[in-house]
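Undergrad:
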Amino acid sequence: MNDWTPKPIPPAALAKLPLTPEEGFVLSRLDGFTPVRHLPALTGLPPERIQAIMARLLEHGAVLPAPTPAPAPPPAPPSPRSGAAPEEPRAGGEEPPPDGEEQPPEEAEEPEDATAEAAAGNWRQLFERRLHPLPEDERASQARAAEDPELSAFCFDPVPAVIKSVLENMRVGLGHARLIARHHHNPVGLEALCGRAAFASDAGVRRWLVRNPQLPSSLFRRLWSGRRLMEQYKVSMDRDVPEGTRRTAREVMRTRFNTAPAEERVELILNTEGRVLASLVGLAVDGKTAALLCGRTYRSPMLIQNIARWSAAPPALIVHLLKQEAVRRQPQLRQLLQRHPNAPADARRGG
81 MNDWTPKPIP PAALAKLPLT PEEGFVLSRL DGFTPVRHLP ALTGLPPERI QAIMARLLEH
141 GAVLPAPTPA PAPPPAPPSP RSGAAPEEPR AGGEEPPPDG EEQPPEEAEE PEDATAEAAA
201 GNWRQLFERR LHPLPEDERA SQARAAEDPE LSAFCFDPVP AVIKSVLENM RVGLGHARLI
261 ARHHHNPVGL EALCGRAAFA SDAGVRRWLV RNPQLPSSLF RRLWSGRRLM EQYKVSMDRD
321 VPEGTRRTAR EVMRTRFNTA PAEERVELIL NTEGRVLASL VGLAVDGKTA ALLCGRTYRS
381 PMLIQNIARW SAAPPALIVH LLKQEAVRRQ PQLRQLLQRH PNAPADARRG G
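Numbered continuously in our numbering, the sequence shown closes out at residue 431.
1. Kindly list the residues whose CB is nearer than 7 Å to the CB of L348, restricted to its own chain and excluding five residues on each side of it in sequence; keep chain order.
2. For I387, does the count of other Cβ atoms within 10 angstroms reach 16, so buried, or fall short, so exposed?
3. Per the DSSP calculation, K87 is bridged to which residue(s)?
4. Please classify Y313: does DSSP put it in a helix, a strand, or coil?
5. Whose C-alpha, out of P101, G104, H212 and V332, is nearest the C-alpha of S316?
6. Among A396, S380 and P395, which has the Cα closest to the Cα of R408?
7. Does the region 222–238 come within contact of the region 248–265, defined as at least 3 CB pairs closer than 8 Å?
8. Thinking C-beta only, is G284 closer than 8 Å to A199?
9. Nearest to D426 by CA position, among R319, L413, L402 and Q410, is which residue?
10. Taking a contact to mean a Cβ-Cβ separation below 8 Å, would you say P60 touches P267 in this structure?
11. Using 10 angstroms around the beta-carbon of M134, count the other beta-carbons present and answer buried if the total reaches 16, otherwise exposed.
12. By a C-beta neighbour count over all protein chains shown, 10 Å radius and 16 as the cutoff for buried, is T377 buried or exposed?
13. Just the C-alpha distance for D320 and R330, rounded to the nearest angstrom, thanks.
14. Assuming E102 and P229 are in contact, meaning their beta carbons sit under 8 Å apart, how far apart are those beta carbons, in whole angstroms?
15. Let's test the definition: count the other Cβ atoms within 10 Å of the Cβ of R219 and tell me whether it reaches 16, buried, or not, exposed.
16. Kindly indicate which three-state DSSP category H26 falls into: helix, strand or coil?
17. Helix, strand or coil for A223? Go by DSSP, reduced to three states.
18. Round the Cβ separation of N249 and L231 to the nearest angstrom and send it over; I've been treating them as touching at under 8 Å.
19. List the endpoints of the continuous alpha helix (DSSP H) containing C235.
20. In whole angstroms, give me the CA-to-CA distance for V346 and F337.
21. For the candidate residues R276, L137 and L125, whose alpha-carbon lies nearest to that of I89?
22. Let me make sure I understand the geometry here. Which of K87, S305 and I243 has the alpha-carbon closest to that of Q222?
23. For the alpha helix (DSSP H) that contains E208, what are its first and last residues?
24. Name the two residues that bound the continuous alpha helix (DSSP H) containing G324.
25. Taking 7 Å as the limit between beta carbons, can you name the residues of its chain near C374, skipping five residues before and five after?
26. With 16 other CB atoms within 10 Å as the buried threshold, where does P177 fall?
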């Protein structure tokens, strides 16, 4: 069983299974790529306990059974003709993946998130039924030395002092940090969480932090002010992020745009097809940024249209866009550019 890589079943059926909190905790750590022999280090549980839990998960049907090895296929017969044409490449020039390295579909991450969601429900139930009735100081004392599943359950505690004790626990890991980022709704506790650099830099922790309505704007500025413009833009446009945090993200992005390298500014404008320009009203670009923008061929009508409505578009960029084939074929785009306040006089006359 040590060489077996267990794969969890689709998450829709997990809620109906009679799993204990400990079994739910182990199940939440299964991503379909981690073999059983690595689970003791990942969970902190002894190997013999892992073996027993995996046997129980198999009985419950929570994980797919280990596949039986298929017989080796017979060798392909040699070509009857010498000099036969080689095998045709895949469409689009793709190279076939090496054996055993077939890439999983993009949905492969979804079961892991949903499985963790099911396990989180068990931990929340454990906290509400057994731990929350205890006095705050006793919860803080127990959290400092707790093991899973109790340690994961303490991540749902609303009291910052208990969260600080969880973070002092030598067994605390990224899974616990993500639970705190998502479910703890006190700015003091979130500040304590981000005091650990390893946690603050984790993509999962950051994803749940920006969706937490209690994330302080000062903490967001501290964590995101040095991030790339594209990352700041994504936060400002994410509908799952509270409006206050999205507004702060737009302010941070505008400040960062003034000092970012020219290449990063161009990347932001092109990758968003100019949609970001509506959030950059009143900000101009330097000569290097304008030169990089003028050195490209433009085929996207959406990008050209958004640049034409950008009040700070450099005159050289307007002239460059008027020469593009996409503009010549669409009179409405040409008219938008010719009416731009920065369009040179000869460009307005159609020269």
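Glycine is no exception: its CB is placed at the ideal position from the N, C-alpha and C atoms. Owing to the predicted nature of the structure, the values given are computational and were not obtained by experimental measurement.
TA: Answer, in terms of the structure:
1. In the sequence shown, residue 348 corresponds to position 268, counting from 1. Same-chain partners within the cutoff: L309, M310, Y313 and V356.
2. Reading the sequence shown from its first residue, position 307 is the one you call residue 387. By the 10 Å Cβ count, I387 comes out buried.
3. Reading the sequence shown from its first residue, position 7 is the one you call residue 87. DSSP, once it has assigned bridges, lists L144 as partnering K87.
4. Here the question's residue 313 lines up with position 233 in the sequence shown. Helix.
5. Position 236 of the sequence shown, counted from the start, is the residue given in the question as residue 316. Minimum Cα-Cα distance from S316 among the listed residues P101, G104, H212 and V332 corresponds to V332.
6. Along the sequence shown, one-based indexing puts residue 408 at 328. Among A396, S380 and P395, the Cα nearest to that of R408 is on S380.
7. yes
8. Residue 199 sits at position 119 when you count from the first residue of the sequence shown. Residue 284 sits at position 204 when you count from the first residue of the sequence shown. Cβ distance not < 8 Å, so A199 and G284 don't count as in contact.
9. If you number the sequence shown from 1, residue 426 lands on position 346. D426 has its Cα closest to that of L402, out of R319, L413, L402 and Q410.
10. This structure cannot settle anything about residue 60, because the visible part of the chain is limited to 81 through 431.
11. On the sequence shown, residue 134 is found 54 positions in, with the first residue counted as 1. The residue is buried, with at least 16 neighbouring Cβ atoms inside 10 Å.
12. Here residue 377 refers to the residue found at position 297 when the sequence shown is read from its first residue. It counts as exposed.
13. The residue you call residue 320 lines up with position 240 of the sequence shown. The residue you call residue 330 lines up with position 250 of the sequence shown. Answer to the nearest angstrom: the Cα atoms are 15 Å apart.
14. Position 22 of the sequence shown, counting from 1, holds the residue named residue 102. Position 149 of the sequence shown, counting from 1, holds the residue named residue 229. At roughly 5 Å, the Cβ-Cβ gap stays under 8 Å, so E102 and P229 are in contact.
15. The residue you call residue 219 lines up with position 139 of the sequence shown. Burial call: buried.
16. As displayed, the chain neither begins before 81 nor continues past 431, which places residue 26 out of reach and without an answer.
17. Against the sequence shown, residue 223 aligns to sequence position 143. In this structure, A223 counts as helix in the three-state DSSP scheme.
18. On the sequence shown, position 169 is the one that residue 249 refers to. On the sequence shown, position 151 is the one that residue 231 refers to. With a beta-carbon spacing of about 6 Å, N249 and L231 fall inside the 8 Å limit used to define contacts.
19. If you number the sequence shown from 1, residue 235 lands on position 155. Premise fails: C235 is in no alpha helix (DSSP H) and is neither H nor E.
20. Sequence index remark: in the sequence shown, residue 346 carries index 266 (1-based). Sequence index remark: in the sequence shown, residue 337 carries index 257 (1-based). Each residue's alpha carbon lies about 10 Å from the other.
21. Counting from 1 along the sequence shown, the entry for residue 89 is found at position 9. When only C-alpha atoms are compared, the closest one is L137.
22. As a first step, residue 222 is located in the sequence shown; it is residue number 142 there, counting from the start. Nearest C-alpha to Q222: I243.
23. In the sequence shown, counting from the first residue as 1, residue 208 sits at position 128. First-last for E208: undefined, no H or E at that position.
24. As a first step, residue 324 must be located in the sequence shown, where it is residue number 244. Note, G324: alpha helix (DSSP H), E323 to T339.
25. Mapped onto the sequence shown, residue 374 falls at position 294. Contacts found: A396, L397 and H400.
26. In the sequence shown, counting from the first residue as 1, residue 177 sits at position 97. With a pLDDT of 42 at P177, under the threshold of 50, the modelled position of this residue cannot be trusted; read the value that follows with caution. Answer is exposed; the Cβ neighbour count stays below 16.
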